[in-house]
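The next block holds one structure in the form of structure tokens; read it before the comments.
There are 2 protein chains.
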Amino acid sequence: MADVARRAGVSMATASRALSNHPHVASQTRARVLAAAEQLSYVISPEASRLAGGVTGRVAVVVPHIARWFFATLLEGLEWVLRDAGLDVLLYHVGDATDRRDFFQRLPARRKVDAVVVVGMPIRDEERDRLELMGVHIVAAGGQVENYPYVAIDDLSAGRQAVDHLLFLRHRRIGMIAAVDPAEPGWPATPGRTLAYTAALAEAGLPADPDLVVTVPWGGLSGADAMSRLLSLRDPPTAVYAHSDEVALGAIRTLRRAGLRIPEDMSVIGIDDHPMAELADLTTIAQPVHDQGRLAGRLLLSLLAGEPGGGGVTVPTHLVVRGSTAPPRV
Amino acid sequence: MADVARRAGVSMATASRALSNHPHVASQTRARVLAAAEQLSYVISPEASRLAGGVTGRVAVVVPHIARWFFATLLEGLEWVLRDAGLDVLLYHVGDATDRRDFFQRLPARRKVDAVVVVGMPIRDEERDRLELMGVHIVAAGGQVENYPYVAIDDLSAGRQAVDHLLFLRHRRIGMIAAVDPAEPGWPATPGRTLAYTAALAEAGLPADPDLVVTVPWGGLSGADAMSRLLSLRDPPTAVYAHSDEVALGAIRTLRRAGLRIPEDMSVIGIDDHPMAELADLTTIAQPVHDQGRLAGRLLLSLLAGEPGGGGVTVPTHLVVRGSTAPPRV
DNA sequence: CAAAGGATTGGAAGCGTTTCCGAGCACGCA
DNA sequence: TGCGTGCTCGGAAACGCTTCCAATCCTTTG
Chain A
1 MADVARRAGV
11 SMATASRALS
21 NHPHVASQTR
31 ARVLAAAEQL
41 SYVISPEASR
51 LAGGVTGRVA
61 VVVPHIARWF
71 FATLLEGLEW
81 VLRDAGLDVL
91 LYHVGDATDR
101 RDFFQRLPAR
111 RKVDAVVVVG
121 MPIRDEERDR
131 LELMGVHIVA
141 AGGQVENYPY
151 VAIDDLSAGR
161 QAVDHLLFLR
171 HRRIGMIAAV
181 DPAEPGWPAT
191 PGRTLAYTAA
201 LAEAGLPADP
211 DLVVTVPWGG
221 LSGADAMSRL
231 LSLRDPPTAV
241 YAHSDEVALG
251 AIRTLRRAGL
261 RIPEDMSVIG
271 IDDHPMAELA
281 DLTTIAQPVH
291 DQGRLAGRLL
301 LSLLAGEPGG
311 GGVTVPTHLV
321 VRGSTAPPRV
Chain B
1 MADVARRAGV
11 SMATASRALS
21 NHPHVASQTR
31 ARVLAAAEQL
41 SYVISPEASR
51 LAGGVTGRVA
61 VVVPHIARWF
71 FATLLEGLEW
81 VLRDAGLDVL
91 LYHVGDATDR
101 RDFFQRLPAR
111 RKVDAVVVVG
121 MPIRDEERDR
131 LELMGVHIVA
141 AGGQVENYPY
151 VAIDDLSAGR
161 QAVDHLLFLR
171 HRRIGMIAAV
181 DPAEPGWPAT
191 PGRTLAYTAA
201 LAEAGLPADP
211 DLVVTVPWGG
221 LSGADAMSRL
231 LSLRDPPTAV
241 YAHSDEVALG
251 AIRTLRRAGL
261 RIPEDMSVIG
271 IDDHPMAELA
281 DLTTIAQPVH
291 DQGRLAGRLL
301 LSLLAGEPGG
311 GGVTVPTHLV
321 VRGSTAPPRV
């Protein structure tokens with residue numbers, strides 16, 4: 001930068017002001033500095049800038065899965081907004097429980113970012129305490145985390161939409177394939193989707209048959225297994241509600257292999273509106289995943305701008321009727 | 001850090017050495033410093049550290065798509081290795097052509113990283129020139145880029161495996177659905193996969209019928225459209241080779257809607273071994289995507305360690321036979 | 001037993017910006 | 001014409017660490 005200043009015939013102070021777009025710099029001077037910088041193809045050193053300035057211009061994004069459609073898509077939306085605002089995205093993947101413990105213990109992002117976005121992972125109390133240590137803004141996306149500003153769908157409502165649709169079609173024996181995070185067994189990632197099922201059945205005056213509920217780790221193959229279990233019942237359901245489209249697609253494979261027709265012999269509904277759902281003609285509850293990322297990004301930006309930034313945003317979901325659901329055969 | 005040094009009763013120089021694991025520090029002293037740091041819950045300021053030290057401890061990863069399975073999975077493997085090595089991952093998504101131009105023009109990662117990994121995107125000459133300006137190591141993953149160390153599959157060979165399998169099954173009229181990047185129309189992302197088709201047919205002494213080749217932007221729905229086009233031919237193929245599994249899955253949807261049976265009426269083969277391929281019982285050429293990310297990470301690490309690091313790594317692909325291919329009906 | 005050599009430590013000079021504090025200056029108003 | 005005001009701009013002090021250079025001390029060898 002000294003070179004630039006010299007070439008422009010100004011002091012470093014002025015050069016700095018001109019380059020970082022500060023006021024109180026004569027436009028002519030600014031032009032001269034910018035020209036000099038251009039000629040020397042000079043770019044500011046972020047390290048030094050941050051050291052002196054205080055902010056880092058970076059945001060940490062913490063995701064439990066990268067390769068899954070939901071997370072990757074949300075990340076895409078988020079990155080889009082943040083990059084647009086000139087912020088850099090530091091990606092942290094916390095896969096299994098070990099990773100996770102390690103992440104919250106070591107806090108590798110500490111002092112490296114101005115804010116943290118946790119994507120689709122419930123945060124435990126002790127983890128929240130660790131996170132607080134970073135002393136930066138925190139936003140949750142794709143899954144509510146109490147006490148943090150969040151952007152998410154209402155899982156309970158989404159689940160209700162799915163089950164209510166099956167009930168509306170006059171299904172009376174409805175199975176559920178509940179998906180849990182493989183990395184966190186026993187810890188329902190989306191309790192709302194389970195609650196929705198029991199609540200909807202209860203409201204419809206239907207008995208709660210535990211045989212109709214199968215809980216499996218998330219994933220297509222798990223869904224296939226779960227469907228096998230349901231088909232092995234003495235009195236199988238006429239419709240199945242899966243916690244996610246991937247699981248539902250797995251279930252469909254089993255049904256197809258069993259020679260059952262969809263939807264004539266069995267209705268299937270999922271949640272997400274995964275791109276594959278369209279290809280597989282799967283009825284589902286759509287959620288705006290990309291938007292959730294974008295909104296979380298905006299929420300974060302307003303927080304960084306010092307605006308109050310309310311509690312959270314719940315984005316709507318809606319039923320997408322395709323060919324995998326129909327009234328049961330009488 | 002001054003606080004830590006004071007508390008440990010040493011100079012800042014020693015504190016720095018102890019904290020950054022340098023040699024020539026008495027183990028007792030080191031322990032004292034670490035304890036002091038622990039008590040003050042002190043973490044080093046990366047900015048200051050980088051400023052003084054020179055390296056940034058960060059790697060830029062440039063991807064043209066985040067949400068697609070291939071890219072996200074590769075990224076997952078890559079992140080895993082880099083994080084393990086204590087490097088932070090700075091994610092840059094360059095989506096459409098505008099993004100792309102902007103990225104190479106502005107080089108937002110400049111001076112922020114020690115290395116760059118470009119994932120699955122061919123780099124043009126002028127783009128390479130810009131990249132060189134960053135003056136850091138560059139590695140390509142999931143798609144060869146001449147002049148850079150790379151990790152990738154051999155598209156030509158993968159394509160040959162696919163088409164040869166269909167030929168082996170005695171198909172003589174084989175269609176191809178070629179996928180191009182929607183963001184870069186007219187620029188074949190994987191020319192090798194196309195070359196493989198023409199070469200294999202030529203070797204088998206089969207005529208090259210341009211009607212049998214349909215080129216569409218990447219994606220499931222495009223694949224569905226492409227299949228429709230093939231089905232509308234006066235003399236449709238008996239087997240279809242798709243450049244990727246997603247496209248193949250789209251093709252399958254069309255076949256199913258048309259009431260055709262797979263593989264009896266039409267064989268379909270893809271490339272990738274996407275998780276959905278297993279669910280859809282799709283024969284495919286599997287490539288180790290996660291591994292490509294990991295290997296690229298290792299390659300980068302060895303480069304950063306100053307090792308020579310040869311030209312590139314080609315990872316093998318292999319045929320996975322499932323239920324979507326069979327000999328043609330006679 | 002003395003000198004050489006290696007381990008350990010401290011002092012201090014950067015690393016490249018930002019920003020506070022003033023100084024210089026032109027302009028407008030009384 | 002004299003003086004206050006608001007821009008511009010330069011000097012220099014941080015920002016928090018790393019590392020070169022010496023100095024000190026302990027150990028080993030002739």
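Chains as they are written, first to last, in the UniProt record's numbering: chain A, 1 to 330; chain B, 1 to 330. Even for Gly, the Cβ is constructed at its ideal location relative to N, Cα and C. Owing to the predicted nature of the structure, the values given are computational and were not obtained by experimental measurement.
By the CB criterion at 7 Å, B/V25 and B/A15 fall outside the cutoff. Beta-bridge analysis with DSSP links A/P122 to no other residue. For the set A/V55, A/G53, A/A48, the Cα lying nearest the Cα of B/A52 is the one of A/A48. Contact annotation, B/A242 with B/G219: C-beta distance approximately 11 Å; criterion of less than 8 Å not satisfied.
Only those residues of the UniProt domain "HTH lacI-type" (1 to 53) of chain A whose C-beta falls short of 8 Å from the nearest C-beta of chain B are listed: S41, V43, I44, S45, P46, E47, A48, R50, L51. Ranking B/I44, B/V240, B/M276, B/L131 by CA distance to the CA of B/R68 puts B/M276 first. At a cut-off of 7 Å between beta-carbon atoms, A/V116 makes no contact with chain B. In the DSSP assignment, A/Y150 is bridged to A/A140, A/G312. Interface with chain A (7 Å Cβ-Cβ cutoff): B/A67 is included.
For A/T73, the chain B residues whose C-beta falls within less than 8 Å of its own C-beta are I66, A67, listed in chain order.
In the structure shown, B/L40 adopts coil according to DSSP, grouped into three states. For A/D96, the closest Cβ of chain B is not nearer than 7 Å. The beta carbons of B/S228 and B/A179 sit no closer together than 7 Å. For A/V289, the secondary structure class from DSSP, reduced to helix, strand or coil, is helix.
At a cut-off of 7 Å, the C-beta of B/E132 has no neighbouring C-beta in chain A.
Setting aside the 5 residues that flank it on each side, A/D211 is surrounded in the same chain by L233, each with a C-beta closer than 8 Å to its C-beta; the list follows chain order. Of the other Cβ atoms in all chains shown, 16 or more fall within 10 Å of the Cβ of A/R160; this residue is therefore buried. Assignment of beta strand (DSSP E) within the segment 7 to 81 of chain B, counting only whole runs of 3 or more residues, yields 58 to 63 in chain order.
Listed by position along chain B, the residues whose Cβ is nearer than 9 Å to that of A/R111 are V43, I44, S45, P46, E47. Secondary structure of B/I262 (DSSP, three-state): coil.
B/L249 sits in a helix when the DSSP states are folded into three classes.
Looking only at B/V213, B/A189, B/E184, the smallest Cα-Cα distance to B/T198 is reached by B/V213. For the segment 271 to 287 of chain B, the set of positions with a beta-carbon nearer than 9 Å to some beta-carbon of chain A reads P275, M276, E278, L279, A280, D281 in chain order. B/M276 carries a helical assignment under DSSP once its states are collapsed to helix, strand and coil.
Neighbours of B/V119 in chain A, taken as residues whose beta carbon is under 7 Å from its own, are absent, since the nearest beta carbon is some 12 Å off. When CB distances to chain B are screened at a threshold of 9 Å, the residues of the segment 219 to 249 of chain A falling below it are G219, G220, L221, G223, A224, E246, L249, in chain order.
Within chain A, the C-beta atoms nearer than 8 Å to that of B/H93 come from E76, E79, W80, R83, in chain order.
Closer than 7 Å to the CB of A/V89 there is at least one CB belonging to chain B. For A/R253, a Cβ of chain B is located within less than 7 Å of the residue's own Cβ. Beyond the five residues adjoining it in sequence on each side, A/A251 comes within less than 7 Å, by CB distance, of I177, G223, A224, A226, M227, V240, A242, V268 in the same chain, given in chain order. Residue A/R322 holds the alpha-carbon nearest to the alpha-carbon of A/D281 among A/R256, A/R322, A/S302. Boundaries of the alpha helix (DSSP H) around A/H165: 155 to 168. Around the C-beta of A/D235, fewer than 16 other C-beta atoms lie within 10 Å, and the residue is accordingly described as exposed. Annotated as distal: A/D155 and A/G205, with beta-carbon spacing of 7 Å or more. Under the three-state reduction of DSSP, A/M176 is assigned to strand. When DSSP states are grouped into helix, strand and coil, A/S232 belongs to the coil group.
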